[in-house]
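Student: So that you can map any letter, position 26 of the sequence shown is 26 in the working numbering, and since no number is skipped, the others follow by simple counting.
Even for Gly, the Cβ is constructed at its ideal location relative to N, Cα and C.
Right, I'll just put the structure down here and ask away after.
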Amino acid sequence: MGSGYDRHAPSYDHDTGHFNDFRERAVSALRLRPGDTVLDVGCGTGLCFPWIQGHIGPSGKLIAVEPSREMLDKAMQRVAQRGWDNVIPINAAATEFDVALSVDAVLLCATHDVLRSPSALANVFRHVRPGARLAATGGKWAAPWLWPLNLLVFQLHGPYVSSFTGFDRPWRNLQAYCRDLHVRRIGWDTGFLATGTTATPSRPNPRRATRPPRRPRPAPCPRDDPGVDRRCS
1 MGSGYDRHAP SYDHDTGHFN DFRERAVSAL RLRPGDTVLD VGCGTGLCFP
51 WIQGHIGPSG KLIAVEPSRE MLDKAMQRVA QRGWDNVIPI NAAATEFDVA
101 LSVDAVLLCA THDVLRSPSA LANVFRHVRP GARLAATGGK WAAPWLWPLN
151 LLVFQLHGPY VSSFTGFDRP WRNLQAYCRD LHVRRIGWDT GFLATGTTAT
201 PSRPNPRRAT RPPRRPRPAP CPRDDPGVDR RCS
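The following block contains the structure:
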């Protein structure tokens, strides 16, 4: 998707500016604090950066992952203009990036392809500490009877997704990583905001995990007492 997004870089801010309210809501849902380290997956041209920076301040860190070189270049122009020196740009796909940090919060904004990729999510959450906050937002299909809205959804999101598979519930794969995932439908049911906290990994005993639980043994039924109901056997 990196090279595919390159052609959208010059007009991306203008073409998707009407989603800025959703972007701001997603960042607010992360409940960021000064000094936090934030992972912005598929950061695009950095449209979420101002809200993130407003919360984490100069003592925080912003890891910006974006596969499109053109999009990331525009994001870093924004960084230079604002004088932010706490941004770590990574030009790589979500499946491939690596950074030696554990983050306090992860943002997935308009990243349907990432949400539908188990390998991408596995790599993203490999960098997220237990108990970190998550916010994901983007488009979705409205209810089937709202087909006029779905025509608009197709037109708005078609240029930016490789497939509409799973567009009815884009957040589905996040349930494996968040113990308390909460999903709110927004924008007349054409969008969503999913928030939660990453689960603490457990280390189960492998022998206990594979051994089926023992069933209680039934009490023996006396066979020589004529007063005993034989249905117990």
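#1: Determine the extent of the beta strand (DSSP E) in which residue 182 is found, giving its start and end residues.
#2: Restricting to runs no shorter than 3 residues, where is the beta strand (DSSP E) found entirely within the segment 115 to 177?
#3: Counting C-beta neighbours from all protein chains within 10 Å, is the total for residue 170 16 or more, i.e. buried, or is it exposed?
#4: Is there contact here, the segment 18 to 38 with the segment 52 to 61, by at least three beta-carbon pairs under 8 angstroms?
#5: Look at residue 65 and residue 90 and say whether their C-beta atoms are less than 8 angstroms apart.
#6: Hey, would you say residue 198 sits closer than 8 angstroms to residue 130, going by beta carbons?
#7: Does the distance from the C-beta atom of residue 140 to that of residue 97 stay below 8 angstroms?
#8: Should residue 124 and residue 99 be called a contact, given that it needs their Cβ atoms to be closer than 8 angstroms?
#9: Where does residue 13 fall in DSSP's three states?
#10: Count the other CB atoms within 10 Å of the CB of residue 83; is the residue buried (16 or more) or exposed (fewer)?
#11: Should residue 11 go down as buried or exposed, given a rule of 16 or more other Cβ atoms within 10 Å for buried?
#12: Please return the same chain residues whose Cβ sits closer than 8 angstroms to the Cβ of residue 28, not counting the five positions on each side in sequence.
#13: Could you tell me whether the segment 184 to 199 touches the segment 138 to 155, where touching means 3 or more Cβ pairs closer than 8 angstroms?
#14: Roughly how many angstroms lie between the CA atoms of residue 68 and residue 74, to the nearest whole one?
#15: From which residue to which residue does the beta strand (DSSP E) around residue 196 run?
#16: What does residue 37 pair with, by DSSP beta-bridge criteria?
#17: Considering residue 85, what are the terminal residues of the alpha helix (DSSP H) in which it resides?
#18: Under a Cβ-count criterion, where at least 16 other Cβ atoms within 10 Å of its own Cβ denotes burial, should residue 158 be classed as buried or exposed?
#19: Count the other CB atoms, across all protein chains shown, that sit within 10 Å of the CB of residue 33; report buried if there are 16 or more and exposed otherwise.
Tutor: Put simply:
#1: For the purposes of this step, residue 182 is identified with residue 182 of the sequence shown, where counting begins at 1. Taken as a continuous stretch (DSSP letters only), the beta strand (DSSP E) holding residue 182 covers 182 to 186.
#2: 128 to 139
#3: For this step, residue 170 is matched to residue 170 along the sequence shown. So residue 170 ends up on the buried side.
#4: With contact defined as three or more Cβ pairs closer than 8 angstroms, the segment 18 to 38 and the segment 52 to 61 are in contact.
#5: The residue labelled residue 65 in the question sits at position 65 within the sequence shown. The residue labelled residue 90 in the question sits at position 90 within the sequence shown. For residue 65 and residue 90, yes; Cβs fall inside 8 angstroms.
#6: Locating residue 198 in the sequence shown gives position 198, where the first residue counts as 1. Locating residue 130 in the sequence shown gives position 130, where the first residue counts as 1. Contact: yes.
#7: Along the sequence shown, one-based indexing puts residue 140 at 140. Along the sequence shown, one-based indexing puts residue 97 at 97. Their beta carbons are not under 8 angstroms apart, which means residue 140 does not touch residue 97 by this criterion.
#8: As a first step, residue 124 is located in the sequence shown; it is residue number 124 there, counting from the start. As a first step, residue 99 is located in the sequence shown; it is residue number 99 there, counting from the start. Cβ atoms of residue 124 and residue 99: not closer than 8 angstroms.
#9: For the purposes of this step, residue 13 is identified with residue 13 of the sequence shown, where counting begins at 1. Here residue 13 sits in helix by DSSP.
#10: Indexing the sequence shown from 1 puts residue 83 at position 83. Its Cβ having fewer than 16 others within 10 Å, residue 83 is exposed.
#11: Looking up residue 11 in the sequence shown gives position 11. Residue 11 is exposed by the Cβ-count criterion.
#12: Residue mapping note: residue 28 aligns to position 28 of the sequence shown, counting from 1. Here the set comprises 51.
#13: yes
#14: What you label residue 68 is simply residue 68 of the sequence shown in a count that begins at 1. What you label residue 74 is simply residue 74 of the sequence shown in a count that begins at 1. Taking the straight line from one Cα to the other gives about 10 angstroms.
#15: Position 196 of the sequence shown, counted from the start, is the residue given in the question as residue 196. Segment 191 to 197, the beta strand (DSSP E) holding residue 196.
#16: In the sequence shown, the residue the question calls residue 37 occupies position 37. Bridge partners of residue 37: 61.
#17: Residue 85 sits at position 85 when you count from the first residue of the sequence shown. It is not in any alpha helix (DSSP H) - residue 85 carries neither H nor E in the DSSP assignment.
#18: Here residue 158 refers to the residue found at position 158 when the sequence shown is read from its first residue. Counting Cβ neighbours within 10 Å, residue 158 comes out exposed, since fewer than 16 surround it.
#19: Locating residue 33 in the sequence shown gives position 33, counting from the first residue. It counts as exposed.
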